[in-house]
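Engineer: Okay, so the sequence shown: first residue is 27 according to this note's numbering, each after it adds one. Below you'll find the structure I mean.
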Amino acid sequence: GQIKADGGALIYPANNDYGAYIVYNALKASVSLSSPECSTISGPLRTKIVKLAEQELALWEGGEMYPGFREGDTSSFSKYTDTYSADWCAWFVSWILKEAGNPVGTPGRQWWSYVDDFTEKGPAEKGFVVHVNNGEYKAQPGDFAIFNGGSHINIVVGYSDDGKMITIGGNQGAGENGNWQNSKVNRNIGYGEQATEYVSVD
């Protein structure tokens with residue numbers, strides 16, 4: 027994607043006119059495009075996580091991920107997976123954290139590709155706190171909901187008027203049936219209550 031106006035959000039597709047790459051590459055050399063200094067989203071980490079998740083959902087719902095985006099086009103989620111092709115829910119959450127200025131993984135591989143990494147590496151490497159879903163902890167916006175002992179991960183973004191948890195996640199839809207090529211970023215209401223664990227970023 028590309029920010030095409032001062033203070034604007036990422037817009038897809040990026041400009042591919044002649045000369046655009048030269049300008050883009052020059053800017054990239056002077057500042058990390060995923061650094062907090064370059065982000066148009068401000069606030070605490072939790073706020074950034076929720077806003078970024080909502081932003082990505084809007085791009086999917088608007089069909090603006092990549093030129094020629096169609097349902098099932100695997101290139102639409104390659105921006106999260108660094109072109110790897112596999113179940114990508116953990117990659118999506120990793121990408122959100124990177125864009126929020128709190129990357130996981132290593133400098134050359136700023137992602138965790140396994141859901142278990144958020145519960146196993148998260149506390150030691152990032153200070154994340156894991157809460158078993160036993161009714162004692164109410165998940166907060168910006169938390170991660172872990173399902174079935176590590177089979178899926180979503181981002182908690184809020185609650186509906188009737189108190190149901192709202193989550194946004196990648197690799198949803200067809201991906202939950204093993205057909206990740208047709209999966210997408212999607213919003214769910216009530217699904218988050220089925221989580222086995224929640225991971226808090228602070």
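Built from N, CA and C at the ideal position, the CB exists for glycine as well.
Would you identify the three-state DSSP class for G199, choosing helix, strand or coil?
Structural biologist: DSSP places G199 in strand when its eight states are reduced to three.
Engineer: Let's test the definition: count the other Cβ atoms within 10 Å of the Cβ of A150 and tell me whether it reaches 16, buried, or not, exposed.
Structural biologist: Exposed.
Engineer: Just to confirm the assignment, what range does the beta strand (DSSP E) spanning F118 have?
Structural biologist: Segment 115-125 is the alpha helix (DSSP H) holding F118; no beta strand (DSSP E) there.
Engineer: Report all residues from its chain with a CB closer than 6 Å to the CB of V130; omit the five preceding and five following residues, and keep chain order.
Structural biologist: Excluding sequence neighbours, V130 sits near S120, L123, W138.
Engineer: Going by Cα to Cα distance, which pick from A112, V227, G189, K190 is closest to H178?
Structural biologist: Nearest C-alpha to H178: A112.
Engineer: With a threshold of 8 Å, establish whether the CB of N214 neighbours any heavy atom of the ligand PLP.
Structural biologist: The ligand PLP is not among the ligands present in this structure, which contains no ligands whatsoever.
Engineer: Would you mind working out which of C115, Y106, A126, V155 sits nearest R135, comparing C-alpha positions?
Structural biologist: The residue with the shortest Cα to Cα distance from R135 is Y106.
Engineer: For the candidate residues S104, E82, I75, whose alpha-carbon lies nearest to that of Q207?
Structural biologist: Among S104, E82, I75, the Cα nearest to that of Q207 belongs to S104.
Engineer: Name the two residues that bound the continuous alpha helix (DSSP H) containing F144.
Structural biologist: Run containing F144: 142-146, per the alpha helix (DSSP H) assignment.
Engineer: Check the DSSP bridge columns for R213 and list the partner residues they point to.
Structural biologist: R213 pairs with I194.
Engineer: Kindly indicate which three-state DSSP category G98 falls into: helix, strand or coil?
Structural biologist: The predicted model places G98 with a pLDDT of 49, which falls under 50 and marks its position as unreliable, so this point remains unresolved.
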